[in-house]
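Chains as they are written, first to last, in the working numbering: chain A, 1 to 235; chain B, 236 to 682. Virtual Cβ for every residue (Gly too), placed ideally from N, Cα, C. Keep in mind the model is a prediction, meaning the values are calculated, not measured.
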């Protein structure tokens, strides 16, 4: 099965922040392999280093030490421009605050990753509409973020994350601002989409209930991996 | 990213903060306007000077005379005139002869009723005549027939009517000129174009020596720089020389002249030609010596005016910078999102530079329109108050200066727009670089 192939590998990852005189060690020494198609939950309390790890994985920050590799790309060492091209191609993001651009309609927001790739308006908006229909927003195509509820905005966010069929999707507390019913809808949707195309999901959360949607749960504490649990009942 | 998608994002951003963009643009409009108006006033000033100088005389004419009468000094002869003619940038050259050595009288040929005494004729080479810029009011400004003349504009008024009593035998030219201003110039006694004349050469003791039949081939348009066009008489230099030789047969035929005129093709070459002629050992005079310092002064004034305008454009640039920094601070999160979604750094920079450039462009275009309107109004006001114009341009001694207070040539508009866009883009650089430095992390941070 293709799931056996690691898509992300982390070697001796260390991240320090200097805050004036003090140095805070956010990540101590992380070694991790994430398989293709895996739905991974990075779990931890605030200050455990889970957000830092996500930033490292997504190439948002450079590590102090160590390497992060996604596919064949050493993304911890890419230049900003190469990183942008890499994100266009292989990464998707789902944010806690949805982060839709307020000046754009749902369709335009969802089409953004394709716009950055230089795909023409007709093609990308067609793809965006299809995607919005899949997340159940077929009736909200021309609505602005302000005109939509939190759940609807996050569904648009999901559509945006999946539109370019990225290999890896990062979701940072995707349901942090939503009620439990919507949370369930959203999480089901994310996992369904990911399983369909064998996409990897990196889910960052402090909510233990999220773990239910994951294949593998990594618990972080004080910048170290405390537990790494795989669900064996999933084939 | 495709350029029109980029532009789409830019327009969306500009539209979002309409009032802020409007105010910033207004700054550029005022800046652009002041630059254009200031420069246009400088151009108007220069133009007025040019016209003023042209009224004082042809700017491309050089008067040449020998340095002294000494035998060793360079003499003006037909050969030297030919040398002048062959100089670079010279259009024509001619010796200038006056009939002042002899007394001359003109009489209407058929009835001898009208006569003009103590006249003075100027002789110029008829070949050079077209280049020297004489305009004919009637007939042609050429001397094709032998012993033909060109009369000045008011040449016919110098004739007296021998059949009338002395108190009323002539038309007073100055009252005639006054009447002309009111629109009714009294007719001269006869039409010189249709009346053959007889020229009488009178000896120094008052006896007529001989006569010569004369035809008038044209009446010249008055030209302030050439007094012979007022009431003088022009004749081909060879004809005049022949008359003078006949009147003074004893004098040796040295064939030297006391004056010559050199016509240069363009104003810009006058100085060079003048210098060459001076090197040949002649004294020269032209409007150049007046024009140069005036031009310099006008240039200085123009620079000063333009500088004043530029200051307000600079203030506008600060306004653009401020607006852009503000909008970047507000859009930090959005920029982060765009980066996270794979927007390239150079696209983000382009977006902000384009936004700043568009504000410049918009301000420039509106500024140009406003300048055109303002310029029109200024000229309208100035036309109703000629004193204002003259006072400003410091040429109150020239009447009815027709130049405008503000002249906006097409290149100035183009320059103003390009300059505004450049100012916009330049003031966008610093904010754009700040935008580029915003990390994608900003997007992930939940507030």
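Close beta carbons around residue i, own chain, < 8 angstroms, minus the five adjacent residues each side
i	result
residue 683 (chain B)	Residue 683 (chain B) is absent from the model: chain B starts at 236 and stops at 682.
residue 312 (chain B)	490, 491 and 492
residue 355 (chain B)	333, 334, 335, 339, 467 and 468
residue 265 (chain B)	547, 551 and 602
residue 376 (chain B)	364, 365, 369, 370, 385, 453 and 455
residue 373 (chain B)	428, 453 and 454
residue 541 (chain B)	270, 273, 274 and 277
residue 114 (chain A)	123, 124, 127, 128, 163 and 164
Between the CA atoms of residue j and residue i - distance to the nearest angstrom
i	j	result
residue 73 (chain A)	residue 104 (chain A)	32 angstroms
residue 434 (chain B)	residue 457 (chain B)	24 angstroms
residue 63 (chain A)	residue 75 (chain A)	10 angstroms
residue 202 (chain A)	residue 582 (chain B)	28 angstroms
residue 326 (chain B)	residue 290 (chain B)	21 angstroms
residue 238 (chain B)	residue 43 (chain A)	42 angstroms
residue 463 (chain B)	residue 495 (chain B)	15 angstroms
residue 244 (chain B)	residue 60 (chain A)	24 angstroms
residue 388 (chain B)	residue 596 (chain B)	54 angstroms
residue 148 (chain A)	residue 576 (chain B)	21 angstroms
residue 39 (chain A)	residue 242 (chain B)	38 angstroms
residue 231 (chain A)	residue 83 (chain A)	32 angstroms
residue 477 (chain B)	residue 362 (chain B)	17 angstroms
residue 252 (chain B)	residue 588 (chain B)	16 angstroms
residue 123 (chain A)	residue 570 (chain B)	24 angstroms
residue 85 (chain A)	residue 170 (chain A)	17 angstroms
residue 12 (chain A)	residue 225 (chain A)	12 angstroms
residue 153 (chain A)	residue 143 (chain A)	10 angstroms
residue 248 (chain B)	residue 127 (chain A)	24 angstroms
residue 344 (chain B)	residue 446 (chain B)	11 angstroms
residue 533 (chain B)	residue 524 (chain B)	15 angstroms
Burial state of residue i (16 or more Cβ within 10 Å)
i	result
residue 599 (chain B)	buried
residue 466 (chain B)	buried
residue 20 (chain A)	exposed
residue 99 (chain A)	buried
residue 138 (chain A)	exposed
residue 448 (chain B)	exposed
residue 172 (chain A)	buried
residue 653 (chain B)	exposed
residue 471 (chain B)	buried
residue 643 (chain B)	buried
residue 240 (chain B)	buried
residue 234 (chain A)	For residue 234 (chain A), the predicted model reports a pLDDT of 48, less than 50, meaning its position is unreliable; a value from the coordinates is still stated below. By the 10 Å Cβ count, residue 234 (chain A) comes out exposed.
residue 180 (chain A)	exposed
residue 564 (chain B)	exposed
Sequence-distant residues of its chain with Cβ nearer than 6 angstroms to residue i (five each side left out)
i	result
residue 606 (chain B)	268, 271 and 272
residue 560 (chain B)	666
residue 519 (chain B)	297, 299, 509, 512 and 513
residue 159 (chain A)	110, 131, 132 and 135
residue 150 (chain A)	177 and 178
residue 183 (chain A)	175
residue 166 (chain A)	90, 91 and 92
residue 16 (chain A)	23, 25 and 64
residue 32 (chain A)	10
residue 262 (chain B)	551 and 554
residue 342 (chain B)	350 and 433
residue 659 (chain B)	555, 591, 592, 594 and 595
Neighbourhood of residue i by C-beta distance below 7 angstroms, restricted to the same chain and skipping five residues each side
i	result
residue 665 (chain B)	556
residue 511 (chain B)	322
residue 310 (chain B)	301 and 491
residue 526 (chain B)	288 and 294
Can you list, in chain order, the residues of the region 108 to 133 of chain A whose Cβ is nearer than 8 angstroms to any Cβ on chain B?
112, 113, 115, 116, 117, 118, 120 and 121
Whole alpha helix (DSSP H) runs in the region 565 to 618 of chain B with 4 or more residues, listed along the chain?
567 to 575
Please list, in chain order, the residues of the region 243 to 262 of chain B that have any C-beta partner in chain A closer than 9 angstroms.
243, 244, 247, 248, 250 and 251
Taking beta-carbon pairs under 8 angstroms, can you tell me which members of the region 661 to 676 of chain B lie near chain A?
674, 675 and 676
Along the region 562 to 584 of chain B, where does the CB come closer than 9 angstroms to a CB of chain A? Name the residues.
568, 569, 571, 572, 573, 574, 575, 576, 577, 578, 579, 580, 581 and 582
Curious, which full-length beta strand (DSSP E) runs of at least 3 residues does the region 58 to 86 of chain A contain?
65 to 70
Name, going along the chain, the residues of the region 48 to 66 of chain A whose beta-carbon falls closer than 9 angstroms to a beta-carbon of chain B.
51, 54, 55, 58, 59, 60 and 61
Between the region 547 to 561 of chain B and chain A, which residues of the former have a C-beta closer than 9 angstroms to a C-beta of the latter?
none
Give me the subset of the region 91 to 104 of chain A whose CB atoms are less than 9 angstroms from a CB atom of chain B, sorted by chain position.
91, 92, 93, 95, 96, 97, 99, 100, 101, 102, 103 and 104
Using a Cβ-Cβ cut-off of less than 8 angstroms, list which residues of the region 190 to 210 of chain A approach chain B; keep chain order.
none
Any chance you could list the beta strand (DSSP E) runs of at least 3 consecutive residues sitting entirely within the region 292 to 362 of chain B, in chain order?
296 to 301, 325 to 333, 338 to 343, 349 to 352 and 356 to 359
Of all the beta strand (DSSP E) runs that stay within the bounds of the region 502 to 573 of chain B, which reach a length of 3 or more residues?
517 to 520
Scan the region 76 to 88 of chain A for residues whose Cβ lies nearer than 9 angstroms to a Cβ of chain B and list them as they occur along the chain.
80, 81, 83, 84, 85, 86, 87 and 88
Jot down the residue ranges of each uninterrupted beta strand (DSSP E) in the region 428 to 483 of chain B, minimum 3 residues, whole runs only, in chain order.
432 to 437, 443 to 455 and 468 to 471
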